[in-house]
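J.: Residue numbers (this note's numbering): 906 to 1054. Built from N, CA and C at the ideal position, the CB exists for glycine as well. Quick one: the structure is below, questions incoming.
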């Protein structure tokens, strides 16, 4: 992937009142929904075809790593989720994320998810086809800047 031009997908979303917890900021579970929503907006064929029917394969999350950088509170101004692919394996793929204000001046969250592609019938890992790999390669990029434990 290093020979490809880095590219991030970007999805703009609102903070919903139901996303905010008693502390006045977006709850960690809502952040996971934001990551899922952005990923499925950019990669619609992850288990569902263009007509909405289930496919023979599916991608399942096996790991999330999240750094909460700055609290995101309820507000009328939308935020952006940027998504890119830092690694493509034989049957797994990593998605990296940043949640930012629309201008890109404030970072609220940095994250990475690893997903494994499974055969729907056997639930065994299934290698990506060249076409599937090409979709992910359009969003290639660097590893996300996550803090080590």
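Helix, strand or coil: which one does DSSP assign to residue 942?
T.: Reading the chain shown from its first residue, position 37 is the one you call residue 942. Residue 942: helix per DSSP, three-state reduction.
J.: Are the CB atoms of residue 985 and residue 1015 nearer to each other than 7 Å?
T.: Locating residue 985 in the chain shown gives position 80, counting from the first residue. Locating residue 1015 in the chain shown gives position 110, counting from the first residue. Contact: no.
J.: Please state the DSSP three-state secondary structure of residue 1001.
T.: Within the chain shown, residue 1001 is the residue found at index 96, counting from 1. Of the three classes helix, strand and coil, the one that applies to residue 1001 here is strand, per DSSP.
J.: Quick check on residue 915: does DSSP put it in helix, strand or coil?
T.: For the purposes of this step, residue 915 is taken as the residue at position 10 of the chain shown. In this structure, residue 915 counts as strand in the three-state DSSP scheme.
J.: From the DSSP output, in three-state form, read off residue 996 for me.
T.: Taking the chain shown and counting its residues from 1, one reaches residue 996 at position 91. Note: residue 996 maps to coil in three-state DSSP.
J.: Here's a check: name, in chain order, each residue in its chain whose Cβ is nearer than 7 Å to the Cβ of residue 965, leaving out the five neighbours to either side.
T.: What you label residue 965 is simply residue 60 of the chain shown in a count that begins at 1. Excluding residues within five positions, the ones whose Cβ falls inside 7 Å are 1020, 1021 and 1023.
J.: Please go through the same chain and pick out, in chain order, the residues whose beta-carbon is closer than 7 Å to the beta-carbon of residue 929, but skip the five residues on each side of it.
T.: Here residue 929 corresponds to residue number 24 of the chain shown, with the count starting at 1. Same-chain partners within the cutoff: 978.
J.: Using a Cβ-Cβ cut-off of 7 Å (strictly less than) and excluding sequence neighbours within five positions of residue 991, which residues of its own chain qualify?
T.: Reading the chain shown from its first residue, position 86 is the one you call residue 991. 999, 1001, 1046, 1047, 1048 and 1049.
J.: Can you round the beta-carbon distance between residue 994 and residue 947 to whole angstroms, since I take them to be within the 8 Å contact cut?
T.: Counting from 1 along the chain shown, the entry for residue 994 is found at position 89. Counting from 1 along the chain shown, the entry for residue 947 is found at position 42. About 19 Å separates the two Cβ atoms, so there is no contact after all.
J.: Pull the bridge partners of residue 985 from the DSSP assignment, please.
T.: Numbered from its first residue, the chain shown carries residue 985 at position 80. According to DSSP, residue 985 bridges with 917 and 1005.
J.: I'd like to confirm the pairing. Which residues does DSSP put opposite residue 1018 in its beta bridges?
T.: As a first step, residue 1018 must be located in the chain shown, where it is residue number 113. Looking at the DSSP assignment, residue 1018 forms a beta bridge with 969 and 1000.
J.: Our contact map puts residue 983 next to residue 917 with C-beta atoms below 8 Å; I'd like the distance itself, whole angstroms only.
T.: For this step, residue 983 is matched to residue 78 along the chain shown. For this step, residue 917 is matched to residue 12 along the chain shown. Indeed they touch by this definition, with Cβ atoms about 5 Å apart.
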